[in-house]
Amino acid sequence: MIRNNILGRIKSVLDDLPNSERKIGEYILTNPEETIKMTTAQLGTAAESNSTAVIRLCNRIGVNGFTKLKVDLSAEIVSIDESGYAEIEAEETISDIKSKLLANAFKSMEETSALMNEFDIERVVELIEAASIVYVYGVGNSRIIAENMVQKWSRVGKIVVCPTDNHQLVSMLGAAPKNALFFGISNSGETKEIIELIKLAKKSSLKTIGLTQFGQNSLANKADYTIQTVKTIETDNQFISSSLHAQLIAIDVLFYAFLSKNYITSTERIKQSREEMDQYKNR
Numbered sequence: 003m004i005r006n007n008i009l010g011r012i013k014s015v016l017d018d019l020p021n022s023e024r025k026i027g028e029y030i031l032t033n034p035e036e037t038i039k040m041t042t043a044q045l046g047t048a049a050e051s052n053s054t055a056v057i058r059l060c061n062r063i064g065v066n067g068f069t070k071l072k073v074d075l076s077a078e079i080v081s082i083d084e085s086g087y088a089e090i091e092a093e094e095t096i097s098d099i100k101s102k103l104l105a106n107a108f109k110s111m112e113e114t115s116a117l118m119n120e121f122d123i124e125r126v127v128e129l130i131e132a133a134s135i136v137y138v139y140g141v142g143n144s145r146i147i148a149e150n151m152v153q154k155w156s157r158v159g160k161i162v163v164c165p166t167d168n169h170q171l172v173s174m175l176g177a178a179p180k181n182a183l184f185f186g187i188s189n190s191g192e193t194k195e196i197i198e199l200i201k202l203a204k205k206s207s208l209k210t211i212g213l214t215q216f217g218q219n220s221l222a223n224k225a226d227y228t229i230q231t232v233k234t235i236e237t238d239n240q241f242i243s244s245s246l247h248a249q250l251i252a253i254d255v256l257f258y259a260f261l262s263k264n265y266i267t268s269t270e271r272i273k274q275s276r277e278e279m280d281q282y283k284n285r
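Be aware that the sequence shown starts at 3, since it is given in our numbering, and climbs by one per residue.
The following block contains the structure:
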């Protein structure tokens, strides 16, 4: 199991880094074993950058100092998987397709699980628990995740609403009850509809949560709390959406953390929901 996914964090932000920090990141990715033996000054020199950039990179990826980065990286090196996300190619065998799909799903879920901050998970669970109603919205693939949230939390008695279009949600947010919560989902963190809804929710004094990929983006910057998934690299020719798997595991972690904290009432409601569904089918 990847512990804190140092290499994954660096890969996620690499393209957005200033040149001095990018050099540090590229060196760590290429030379992880050498990195754990270095001081900040030595790494700065080896990467043709400087020690200040090393500290800035640590802060940017959410690691408390270079010593902590080396400790986590040392544990991670043992289980480094150099393979990237596999693409489906022409004339693939069914066996190869199954293997690639399984490997991609596992990789994105494992890296996201390692990336998720446990304090943020606990806080988001508390916010969902205290909310009178949760409004959730996503576009494209993120719509699937939003509907998955509705299905999960509705079974345990939590009111979660995912309107069919953003115009409906605009009206709802403007008249939202006290302690309502808005949960916006955007893998890129730049989906225009989600950013505008976050602004409106905050204007209406709602707490806001964002589910997005790791790194700096508009959703991460504007939401009160953010749950971040691994940034999967998807090319123009890649047909496999590994980001969807990453989002699904993030929602699963949130849901089962919620269920565990409210175990008795949640399991009773799930049981009651099943019984009512069975009665409905038998009518």
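From the three backbone atoms N, C-alpha and C, an ideal C-beta is built for every residue, glycine too.
Next item on the list: Give a yes or no on contact between the segment 122-132 and the segment 222-231, applying the rule of three or more CB pairs nearer than 8 Å.
Entry: These segments touch.
Notebook entry, point to check: Mind checking Q281: buried by the 16 CB within 10 Å criterion, or exposed?
Noted result: Residue numbering aside, residue 281 sits at position 279 when the sequence shown is read from its first letter. Q281 comes out exposed.
Check: Just reading off the alpha helix (DSSP H) that K160 is part of, what are its end residues?
Finding: Sequence index remark: in the sequence shown, residue 160 carries index 158 (1-based). Counting along the chain, K160 sits inside no alpha helix (DSSP H), nor does DSSP assign it H or E at all.
Check: When you compare each of S245, H247, E93, I8 to A77 by their alpha carbons, which one comes out closest?
Finding: Position 75 of the sequence shown, counted from the start, is the residue given in the question as residue 77. Among S245, H247, E93, I8, the Cα nearest to that of A77 belongs to I8.
Margin query: What residue range does the beta strand (DSSP E) around F216 cover?
Written below: As a first step, residue 216 must be located in the sequence shown, where it is residue number 214. It is not in any beta strand (DSSP E) - F216 carries neither H nor E in the DSSP assignment.
Check: Around the C-beta of T12, are 16 or more other C-beta atoms found within 10 angstroms, so that it is buried, or is it exposed?
Finding: If you number the sequence shown from 1, residue 12 lands on position 10. Per the sequence presented here, residue 12 reads as Ile, with Thr not at that position. It counts as buried.
Checklist line | Extent of the continuous beta strand (DSSP E) run through T231 | finding: Your numbering for residue 231 matches position 229 in the sequence shown. It spans 227-231 - the beta strand (DSSP E) in which T231 sits, taken as one unbroken run.
Check: Do you know whose CA, among L59, G217, A105, lies nearest S244's CA?
Finding: Position 242 of the sequence shown, counting from 1, holds the residue named residue 244. Among L59, G217, A105, the Cα nearest to that of S244 belongs to A105.
Item checked: Segment contact flag, the segment 147-156 with the segment 250-270, C-beta cutoff 8 Å, min 3 pairs -> yes
Next item on the list: Counting only runs of 4+ residues fully inside the segment 55-124, write out the alpha helix (DSSP H) ranges in chain order.
Entry: For the segment 55-124, the full-length alpha helix (DSSP H) segments reaching 4 residues or more read 68-79, 96-117 along the chain.
Check: How long is the line joining the alpha carbons of L75 and E36, rounded to whole angstroms?
Finding: Locating residue 75 in the sequence shown gives position 73, where the first residue counts as 1. Locating residue 36 in the sequence shown gives position 34, where the first residue counts as 1. Distance between the alpha carbons of L75 and E36 is about 11 Å.
Next item on the list: Give the range of the alpha helix (DSSP H) segment to which V172 is assigned.
Entry: Translated into positions along the sequence shown, residue 172 becomes position 170. Element bounds for V172: 168-176.
Item checked: CA nearest to the CA of G159, picked from N264, Q218, L199 -> Taking the first residue of the sequence shown as position 1, residue 159 is located at position 157. Ranking the options by Cα distance to G159, first place goes to N264.
Notebook entry, point to check: On the three-pair Cβ rule with 8 Å, is the segment 125-143 touching the segment 179-188?
Noted result: yes
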